[in-house]
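See below for the structure under consideration.
In our numbering, the protein residues as written are 93 to 229.
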């Protein structure tokens, strides 16, 4: 199991990665109503990023379907229980790495490399004990 902290991701220049979300209690298209926009900027946590990646993943084969389903189950549990950590099985993490590399650039543009590094590189090493970090380097 890979254990990831469900934290706000930091992008270019040390700024938080954010996304636009429709404000609570507003309906209709995201246009200005009474001079107020329907959208607000929200900090993107790892859960949000993984949900966007999963929603844009092409499910072409049975392994894609199985691993995507496992990731969806984990994300659903994180959302329901408001968990601080996301625990992903090794197989799901290995399946996710090439997908993030392929899907992140067109969706996240400038933040894509930070997201890829966070999910596939340094993020998993943050939670290793010091002696394992030195072996991994």
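All residues carry an ideal CB built from backbone N, CA and C; glycine is no exception.
No experiment lies behind these values; they were computed from the predicted model shown.
Which listed residue (the options) has its alpha carbon closest to that of residue i
i, options, result
"residue 209", "132, 138, 113 and 133", "138"
"residue 189", "109, 149 and 98", "149"
Reduced DSSP secondary structure (H/G/I, E/B, other) of residue i
i, result
"residue 131", "strand"
"residue 101", "coil"
"residue 178", "strand"
"residue 115", "coil"
"residue 219", "Its pLDDT being 46, under 50, residue 219 is placed unreliably in this model, and the value from its coordinates should be taken loosely. Here residue 219 sits in coil by DSSP."
"residue 152", "coil"
Expected contact under 8 Å - CB spacing of residue i and residue j to nearest Å
i, j, result
"residue 163", "residue 192", "Not really, about 11 Å apart at Cβ, beyond 8 Å."
Beta carbon of residue i nearer than 7 Å to that of residue j
i, j, result
"residue 141", "residue 207", "yes"
"residue 160", "residue 151", "yes"
"residue 100", "residue 135", "yes"
Residues near residue i in its chain [Cβ-Cβ closer than 8 Å; skip 5 each side]
i, result
"residue 104", "202, 203 and 206"
Sequence-distant residues of the same chain with beta carbon closer than 6 Å to residue i, five excluded per side
i, result
"residue 47", "The requested residue 47 is not part of the displayed model; the chain covers only 93 to 229."
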